[in-house]
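J.: Dumping the structure here so I can ask a few things about it.
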């Protein structure tokens, strides 16, 4: 099947940058910074305005020239970030229905479905490990965008500039590339709520329901490392193998 490239390109003439958007890769901050460079007023507290209003005017097509640029991230950490943000802290049905209703999951992981009155996975009863196993069975095309591989959004494109979020000074590199101060968009990520490592050892076996309840009561979430057990890491390395291959020389 011929799958078209995702429409995730923005062009900013002020900096002559063609930016490839990858969700959960600091895209709010990158968009806000590029908009600021264009002279557009940006409210760093209004995520929806940055995504849905201001940036829309800069959509472009594959033929647009300019310095091509993308931000990449360790695939396992990106997955944990998407899980905590879109499944635990700020859940919306569209974020997880693509997982619990996919036929591959029901067929391959029947033990997660047995006993469910709806004949599908019950999201609050799943552990992070269960959720990882389920996502590993589903191709990008059928997943919600925050859970898709980075390779899906890269779409085989070559880029002049690649920044890695795993490098401590990546924001300085962004500022140098764009030619202005970085505009950090808050609040919407989950990093500010993360506890120190080993506060929740074995977090991969906590249910989504328990994680949600704990967040509502305490405003805190386990650190990414507490989810990344050897079993989970193996699952995610297999699921996002294309990402690890594509960005092996960068991370």
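In our numbering, the protein residues as written are 2 to 252.
For each residue, glycine too, the CB sits at the ideal point set by N, CA and C.
#1: Is residue 11 helix, strand or coil when you go by DSSP?
#2: Here's a check: name, in chain order, each residue in its chain whose Cβ is nearer than 8 Å to the Cβ of residue 159, leaving out the five neighbours to either side.
#3: Would residue 89 and residue 27 be called neighbours here (beta carbons separated by less than 7 Å)?
#4: Nearest by alpha-carbon distance to residue 93: which of 63, 145, 48 and 167 is it?
#5: Within 10 angstroms of the Cβ of residue 209, are there 16 or more other Cβ atoms? Answer buried if so, exposed if not.
#6: Taking the straight line between their C-alpha atoms, what separation do you get for residue 152 and residue 182?
#7: Do residue 45 and residue 184 have their C-beta atoms within less than 7 Å of each other?
#8: With DSSP collapsed to three states, give me the class of residue 129.
#9: Between residue 85 and residue 222, is the Cβ-Cβ spacing less than 7 Å?
#10: Could you spell out the range, first to last residue, of the alpha helix (DSSP H) harbouring residue 35?
#11: In whole angstroms, what is the alpha-carbon distance linking residue 50 and residue 78?
#12: So, are the CB atoms of residue 36 and residue 10 less than 7 Å apart?
#13: Assess, as a yes-or-no matter, whether the region 118-138 is touched by the region 199-219 under the definition of 3 or more beta carbon pairs within less than 8 Å.
#14: Nearest-angstrom Cα distance between residue 234 and residue 98?
#15: Who pairs with residue 195 in a beta bridge, going by DSSP?
#16: Would you say residue 109 and residue 139 are within 7 Å of each other, going by their C-beta atoms?
#17: Which class does residue 241 belong to by DSSP, given the choice of helix, strand or coil?
#18: If you run the structure through DSSP and keep just helix, strand and coil, what is residue 82?
#19: Could you check which residue in 83, 32, 230 and 191 has the C-alpha nearest to that of residue 220?
#20: What does the alpha-carbon distance come out to for the pair residue 229 and residue 30?
#21: Could you tell me the alpha carbon to alpha carbon distance between residue 38 and residue 246, rounded to whole angstroms?
#22: If residue 224 sits next to residue 196, beta carbons under 8 Å apart, how far is it from one beta carbon to the other, in whole angstroms?
#23: Since residue 68 is in the alpha helix (DSSP H), which residue starts that stretch and which ends it?
#24: In chain order, what residues of the same chain lie with their CB nearer than 8 Å to the CB of residue 25, ignoring the 5 residues before and after it?
#25: Residue 103: buried (16+ other C-beta within 10 angstroms of its C-beta) or exposed?
#26: Among residues of its own chain, excluding the 5 on either side of residue 33, which ones have a beta-carbon nearer than 7 Å to its beta-carbon?
T.: The structure says:
#1: strand
#2: 69
#3: no
#4: Closest by C-alpha distance to residue 93, out of 63, 145, 48 and 167, is 145.
#5: buried
#6: 29 Å
#7: Yes; because the gap between Cβ atoms is below 7 Å, this pair is in contact.
#8: Per DSSP, reduced to three states, the secondary structure at residue 129 is helical.
#9: Less than 7 Å separates the beta-carbon of residue 85 from that of residue 222.
#10: 28-38
#11: 26 Å
#12: In terms of Cβ geometry, residue 36 and residue 10 do not form a close pair [threshold 7 Å].
#13: yes
#14: Taking the straight line from one Cα to the other gives about 23 Å.
#15: 222
#16: no
#17: coil
#18: In the structure shown, residue 82 falls within a helical segment according to DSSP collapsed to helix, strand and coil.
#19: 191
#20: 26 Å
#21: 33 Å
#22: 6 Å
#23: Premise fails: residue 68 lies in the beta strand (DSSP E), 68-73, not in any alpha helix (DSSP H).
#24: Here the set comprises 74, 79, 82, 83, 86 and 147.
#25: buried
#26: 43, 45, 51, 184 and 186
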